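Heads up: the protein sequence lines correspond to chains A and B, in order.
Going left to right, the first sequence walks through residues 1 to 240 as the working numbering numbers them.
Going left to right, the second sequence walks through residues 1 to 136 as the working numbering numbers them.
Below is one structure, written out as structure tokens, with a few remarks after it.
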Amino acid sequence: MDPRLNIIDKRLENIKRLIAVGGGKGGIGKSLTASALALTLSKLGYKVGLLDLDFCSPSAHIILGVKGIYPKEEKGIIPPEIYGIRFMSIIYYAEDNPSPLRGIDISNAIIELLAITQWGELDFLIVDMPPGIGDSILDTIRLMKRVEFLIITTQSKVVLETVKKVLKILRELKVPIIGVIENMRLAKSSFVKEELKEFNVPFLSAIDFDKSLEDSLGDINKLSKTDFVRHIEKLVDKIK
Amino acid sequence: MHEWALAEAVVSTAIKVSKKEKFKKITKIKIKIGELQQIDIDTFEFLLKEIIGNHTLIDKAELKIEKEEGVLKCNVCAHKWNFKEVIEKLSEEYSEAIHFIPEVAHIYTRCPKCGSPDFKIVEGRGVLIETIEGIR
Ligand SMILES: Nc1ncnc2c1ncn2[C@@H]1O[C@H](COP(=O)(O)OP(=O)(O)OP(=O)(O)O)[C@@H](O)[C@H]1O
Ligand SMILES: [Mg+2]
Ligand SMILES: [Zn+2]
Numbered sequence: 001m002d003p004r005l006n007i008i009d010k011r012l013e014n015i016k017r018l019i020a021v022g023g024g025k026g027g028i029g030k031s032l033t034a035s036a037l038a039l040t041l042s043k044l045g046y047k048v049g050l051l052d053l054d055f056c057s058p059s060a061h062i063i064l065g066v067k068g069i070y071p072k073e074e075k076g077i078i079p080p081e082i083y084g085i086r087f088m089s090i091i092y093y094a095e096d097n098p099s100p101l102r103g104i105d106i107s108n109a110i111i112e113l114l115a116i117t118q119w120g121e122l123d124f125l126i127v128d129m130p131p132g133i134g135d136s137i138l139d140t141i142r143l144m145k146r147v148e149f150l151i152i153t154t155q156s157k158v159v160l161e162t163v164k165k166v167l168k169i170l171r172e173l174k175v176p177i178i179g180v181i182e183n184m185r186l187a188k189s190s191f192v193k194e195e196l197k198e199f200n201v202p203f204l205s206a207i208d209f210d211k212s213l214e215d216s217l218g219d220i221n222k223l224s225k226t227d228f229v230r231h232i233e234k235l236v237d238k239i240k
Numbered sequence: 001m002h003e004w005a006l007a008e009a010v011v012s013t014a015i016k017v018s019k020k021e022k023f024k025k026i027t028k029i030k031i032k033i034g035e036l037q038q039i040d041i042d043t044f045e046f047l048l049k050e051i052i053g054n055h056t057l058i059d060k061a062e063l064k065i066e067k068e069e070g071v072l073k074c075n076v077c078a079h080k081w082n083f084k085e086v087i088e089k090l091s092e093e094y095s096e097a098i099h100f101i102p103e104v105a106h107i108y109t110r111c112p113k114c115g116s117p118d119f120k121i122v123e124g125r126g127v128l129i130e131t132i133e134g135i136r
């Protein structure tokens, strides 16, 4: 018997809302949205945690410029706080080495992290999801029972096709969907809205492609001034 | 001491099971601790005793804690080895990382025969409950 599975509910019990930022496809802005959302909510005075569940290519620490912090050990591990965000990631243990993990190992590592992390009281735990409809999404649904999904897409047909699959499986499993954000918009068009009509999920906003973004990654002051973060600040009322 | 979180998980599980089994008292718990997690058995027993002291259902339970050897098997060349062989060569920093998240063994260790990171943790990963005994 794996005792860890029985303690996860308790570890998450003082978190009011769990929001996973997903979309299935890679490189569409999930990590950026998760980081910006955590930052925005924290600025508004909420108690916020950010969990980077992407063990193969963790990114939230790069976006937020997290360096030189490490969890404290106290009846488990206590995530260190940065910009008011309690931040948990595999990077504390993997550093910047490649993590060649198979599904079973990813699953085990997720269970371990959830079983030993003492988040304390939080208004929001934002979860940065890796791409794919595999272990991570299934474990998120299985282990974080109250999780809601915020879905990121782009205008690309290739991305939309995967996003639809994610929406379908979340629907089938009765997982709440907060809404969809269209990211990296290059031209105004109602294509995404039309394509997702059948799912009847709130379309929250469209964020333009932001050329200044890349230059701001890792620098919280620059990042806070980008159109991207400003946009998240405007739409946060629809989420919180 | 991060082991406390795992000890609490053991006690919560035992209590949950005993409620299902309608035990009045838990008399014995058998626990295995996998070598990869590198948890000191005395420390774990100490933590468990502290936690069970708060629950009358389990406070008198006998604790039997055993070490389980870490057995790894390569997915590429099928070689089998013991975690002991590789842990000795690891820096303290890396073995501590494995202590927290045993899966990072795939980052810091390799198959001793072919050098692959693609191996299975066959046995001895972490904390497992073998049996829970009680009286109805
Ligand atoms: N609106 C945007 N404008 C310009 N660049 C963007 C925008 N959104 C995201 N990016 C950039 O695209 C890249 C991928 O973003 P991000 O890492 O957030 O995607 P992801 O969906 O988390 O990727 P992965 O699937 O690999 O986890 C980053 O370099 C990010 O800065
Ligand atoms: Mg990402
Ligand atoms: Zn091998």
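No residue lacks a Cβ here, since even glycine has one placed at the ideal position from N, Cα and C.
Model, not experiment: these values are computed from the prediction.
*By a C-beta neighbour count over all protein chains shown, 10 Å radius and 16 as the cutoff for buried, is residue 68 of chain A buried or exposed?*
With fewer than 16 other beta carbons inside 10 angstroms of its own, residue 68 of chain A counts as exposed.
*Do you know offhand how far residue 130 of chain B's Cα is from residue 85 of chain B's?*
26 angstroms
*Going along the chain, which unbroken runs of the alpha helix (DSSP H) with 4 or more residues stay wholly within the region 2 to 40 of chain B?*
3 to 20
*So which residues of chain B does residue 101 of chain A contact, with C-beta pairs closer than 8 angstroms?*
Ordered by position in chain B, the residues that pass the 8 angstroms Cβ test against residue 101 of chain A are 103 and 106.
*Under a Cβ-count criterion, where at least 16 other Cβ atoms within 10 Å of its own Cβ denotes burial, should residue 114 of chain B be classed as buried or exposed?*
Residue 114 of chain B is exposed by the Cβ-count criterion.
*Exposure label - residue 135 of chain B; buried when at least 16 CB within 10 Å*: Exposed, since its Cβ has fewer than 16 Cβ neighbours within 10 Å.
*Alpha carbon to alpha carbon, how far is residue 3 of chain B from residue 47 of chain B? Give it in angstroms, no decimals.*
8 angstroms
*What are the uninterrupted segments assigned as alpha helix (DSSP H) that are 4 or more residues long and contained completely in the region 87 to 114 of chain B, given in chain order?*
92 to 100 and 105 to 108
_Proximal residues, the region 29 to 48 of chain B versus chain A, C-beta separation under 8 angstroms_ = none
*Kindly confirm or deny that the region 120 to 134 of chain A and the region 12 to 27 of chain A touch, where touching means at least three C-beta pairs closer than 8 angstroms.*
yes
*Please classify residue 21 of chain A: does DSSP put it in a helix, a strand, or coil?*
strand
*Rounded to whole angstroms, what's the CA-CA distance from residue 88 of chain B to residue 23 of chain B? Just pull it up for me.*
Residue 88 of chain B and residue 23 of chain B have their C-alpha atoms spaced approximately 43 angstroms apart.
*Does the beta carbon of residue 188 of chain A fall short of 7 angstroms from some heavy atom of ligand 4?*
You won't find ligand 4 in this model; what it holds is ligand 1, ligand 2 and ligand 3.
*May I ask you to check if the CB of residue 31 of chain A is nearer than 7 angstroms to at least one heavy atom of ligand 2?*
yes
*asked:* Just verifying my parser: in three-state terms, what is the DSSP assignment at residue 171 of chain A?
replied: helix
*Look at the Cβ atom of residue 61 of chain B, then the Cβ atom of residue 33 of chain B, and state whether they are nearer than 8 angstroms.*
no
_Under 8 angstroms from the C-beta of residue 113 of chain B: neighbouring residues of chain A_ = Under the 8 angstroms cutoff, chain A gives no residues; its nearest Cβ is about 17 angstroms from residue 113 of chain B.
*Can you round the beta-carbon distance between residue 126 of chain A and residue 148 of chain A to whole angstroms, since I take them to be within the 8 angstroms contact cut?*
Actually they do not touch by this definition, with Cβ atoms about 11 angstroms apart.
*asked:* Using only CA atoms, which one of A:142, A:27 and A:116 lies nearest to residue 74 of chain A?
replied: The residue with the shortest Cα to Cα distance from residue 74 of chain A is A:116.
*Indicate whether at least one CB of chain A lies closer than 8 angstroms to the CB of residue 86 of chain B.*
no
*Return yes when at least one heavy atom of ligand 2 lies under 7 angstroms from the C-beta of residue 59 of chain A, else no.*
yes
_Amino acids of chain A, ordered along the chain, whose beta-carbon sits closer than 9 angstroms to that of residue 16 of chain B_ = Residues of chain A passing the Cβ test: 6.
*Tell me, please, whether the region 165 to 177 of chain A touches the region 215 to 223 of chain A by the rule of three or more beta-carbon pairs shorter than 8 angstroms.*
no
*Identify every residue that forms a DSSP beta bridge with residue 152 of chain A.*
A:181
*With a Cβ-Cβ cutoff of 8 angstroms, do residue 38 of chain A and residue 90 of chain A count as a contact?*
No, these two residues do not count as a Cβ contact at 8 angstroms.
*Host beta strand (DSSP E) of residue 63 of chain B (start-end)*: For residue 63 of chain B, the enclosing beta strand (DSSP E) starts and ends at 62 to 68.
*Could you tell me which of A:128, A:99, A:76 and A:96 sits nearest to residue 36 of chain A, measuring between CA atoms?*
A:128
*asked:* Output needed for residue 1 of chain B: all residues of its chain with C-beta closer than 8 angstroms, excluding positions within five of it in sequence on either side, in chain order.
replied: 43 and 47
*Give the range of the beta strand (DSSP E) segment to which residue 205 of chain A is assigned.*
203 to 208
*Using a Cβ cut-off of 8 angstroms, pull out every chain B residue sitting near residue 113 of chain A, in sequence order please.*
Listed by position along chain B, the residues whose Cβ is nearer than 8 angstroms to that of residue 113 of chain A are 101.
*In whole angstroms, what separates the C-alpha of residue 19 of chain A from that of residue 88 of chain A?*
In this structure, the CA atom of residue 19 of chain A is about 15 angstroms from the CA atom of residue 88 of chain A.
_Quiz: which residues have CB nearer than 5 angstroms to ligand 3 non-hydrogen atoms_ = Taking every residue with its beta carbon within less than 5 angstroms of a heavy atom belonging to ligand 3 gives, in chain order, B:74, B:76, B:77, B:79, B:111, B:113, B:114 and B:116.
*Report buried or exposed for residue 75 of chain B, applying the criterion of at least 16 other Cβ atoms within 10 angstroms of its Cβ.*
exposed
*For residue 54 of chain A, verify whether its CB is less than 7 angstroms away from any heavy atom of ligand 2.*
Yes, Cβ of residue 54 of chain A sits closer than 7 angstroms to a heavy atom of ligand 2.
*CA nearest to the CA of residue 98 of chain B, picked from A:100, A:93, A:99 and A:134*: A:93
*Do you know how far the Cα of residue 4 of chain A is from the Cα of residue 54 of chain B?*
20 angstroms
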